[in-house]
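Quick note: the sequence shown uses our numbering, first residue 2, plus one each step.
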Amino acid sequence: MDQFFQFLAVNPRIKYAKPTWPGFGSWRAGFVVDEDTIPAVIVRPRFAEDVAALVSVLATNNVPFSVRVGGHDMFGRSQLDDAVTIYLREIAYVDIDHTGHTARLGGGILVADLIKELEKDNLVTPHGVIPSLGYVVDCEGRIRHADKDMLKAIRGAGGLLGIIVEVTIKVYPLGQVLAGAIIYESSNLSAAIRHYNNGYHQLKQNCLPSSLSLYQSVMNGPSGKALTVLFCWASSDMETGLLWLSKVQAFSPVAMCTVSPTTMAAFTLATEQFMPKSVHGTMLTANIHELTPEIVDVIGFHSSLQPNDSAIVFGIHELRICTPLPSLDSVIYTRSPHFVLEIAAIVETPHLLPDAIKWGQSFYNAVHKTDLANIMPSTYLPLTGPEKVDTRAIYGPKLEVLRDIKQRYDPRDVFRHALVQV
């Protein structure tokens, strides 16, 4: 570590902080405040060249390090005790190429900031930002153009091969969207959830348009627990969007609806208001093929028992049939239609944490007591606790491809503390 601090002394443009310094606490803090990892130093490079120099000196001296951007990992995996945290937040530029319909992003950009920048030019991009072209700092501390095999690994395994300092994404022209929250009358929450899912199941039979996104959740509001659906129609065809809105509202009686013409940036910022800046707790998750009546009953029962803290939420993400199938240019394997159950056992009020953890675990256990044929072996990695990560299930037959790429591009396992470990 001495050599590393000598390096920092002669590279003053790289800001850093030690545990006893003012400001270290705010740099270290993440979304989950229970995460108590204390790195030896946090560095905040401003340029890709700084990242390259950092990796070179760290790898040469065998100093352990991790890479961090948003600080939202639920399990504290972006930092290590007594190690170096490379915090990319200051590499956060957005350069738009209007002729090529693309944007170059710094590796530290946050989605909300990206969406706001794109809005200035009436542009949007899918929020799940998958790199199509990029620059990576490799295990030798070199800035290199990501080639075909590196990109294949990046699409699904992130920083396994290096630190992604820049990506180029596709952007699309879109001014207004139709978006907001539909809050259903939830005095009988289980019944509301059942009615909604019955209606949704029927509506899906005729295939839903790709412009329509629905995030089904149960949130705690001022009037108690409520079935809340975040509705987004990402198309300029407002007339058709209003038609789909009326269909979704008809699933169950509506208590309040905030859906209106807006921008993607405004909708993203409004959605952020549902969640606090920091919480206590953890996350549990499962992937299922279908929202069967058995699963819906479990959701209804356990959502009704949700502790009364504004941070706790149960949500459902869906990968629909209109989504692209597995690609040879990616190591992502789980691309068949399915649902991701998100059981957020998190609270703002510390004394409610034991109740939240007990509720979340009971909910999780009940899901796994349903028809096992409906439960997928894979899980969504960012929501999966370290003890439950099964890389064989997540990557399937592509795991050996990923291992081969890892061996070729990082044979010394310099990036051994990346989120994905193979």
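The beta carbon of each residue, even a glycine, is placed where N, CA and C say it ideally should be.
Next on the checklist: Check whether the segment 218 to 235 and the segment 303 to 316 touch, using three or more Cβ-Cβ pairs below 8 Å as the test.
Outcome noted: yes
Item to check | Chain-order list of residues whose beta-carbon lies under 6 Å from that of Val42 (same chain, five-residue window excluded) | outcome: Tyr17, Lys19, Val85
Checklist entry - In this structure, does DSSP put Asn199 in helix, strand or coil? => result helix
Item to check | Cβ neighbour criterion (16 or more within 10 Å) applied to Thr61 | outcome: exposed
Checklist entry - Can you tell me where the beta strand (DSSP E) with Met257 in it begins and where it stops? => result 255 to 258
Checklist entry - In the DSSP assignment, what residue or residues form a beta bridge with His281? => result Val348
Checklist entry - Ordered along the chain, which non-local residues of its own chain (more than five positions away) have a Cβ less than 6 Å from that of Val130? => result With a pLDDT of only 31 at Val130, under 50, the local geometry of the prediction cannot be trusted, and no value is derived from it.
Next on the checklist: Let me check one thing: in DSSP terms, what residues is Met265 bridge-paired to?
Outcome noted: BP columns for Met265 are empty, so no partner.
Checklist entry - So, are the CB atoms of His318 and Met377 less than 7 Å apart? => result no
Next on the checklist: Only counting the same chain, and skipping five residues up and downstream in sequence, which positions put a Cβ closer than 6 Å to that of Ala419?
Outcome noted: Gly160, Leu161
Checklist entry - Under a Cβ-count criterion, where at least 16 other Cβ atoms within 10 Å of its own Cβ denotes burial, should Gly26 be classed as buried or exposed? => result exposed
Checklist entry - Any idea what DSSP makes of Pro475, helix, strand or coil? => result Residue 475 lies beyond the stretch modelled for the chain, which goes from 2 to 423, so this question has no answer here.
Checklist entry - If we count the other Cβ atoms within 10 Å of its Cβ and call it buried at 16 or more, is Leu244 buried or exposed? => result exposed
Checklist entry - Can the beta-carbon of Ile347 be found closer than 7 Å to that of Gly301? => result no
Item to check | Rounded distance between the beta-carbons of Leu179 and Pro46, thought under 8 Å | outcome: About 40 Å separates the two Cβ atoms, so there is no contact after all.
Checklist entry - Name the DSSP bridge partner or partners of Met220? => result Ala227, Val314
Next on the checklist: Going by DSSP, what residue range makes up the beta strand (DSSP E) through Tyr88?
Outcome noted: 85 to 88
Checklist entry - Under a Cβ-count criterion, where at least 16 other Cβ atoms within 10 Å of its own Cβ denotes burial, should Tyr173 be classed as buried or exposed? => result exposed
Checklist entry - Going by the CB atoms, is the gap between Ala251 and Ile184 shorter than 7 Å? => result no
Next on the checklist: Going by C-alpha to C-alpha distance, which of Met75, Phe76, Val52 sits closest to Phe66?
Outcome noted: Val52
Item to check | Boundaries of the alpha helix (DSSP H) in which His146 is found, first to last residue | outcome: Careful: His146 lies outside any alpha helix (DSSP H), inside the beta strand (DSSP E) at 144 to 146.
Next on the checklist: My assumption, with CB atoms under 8 Å, is that Tyr410 sits in contact with Met151. Please give the rounded CB distance.
Outcome noted: 6 Å
Item to check | Exposure of Trp360, with buried meaning 16 or more beta-carbon neighbours within 10 Å | outcome: buried
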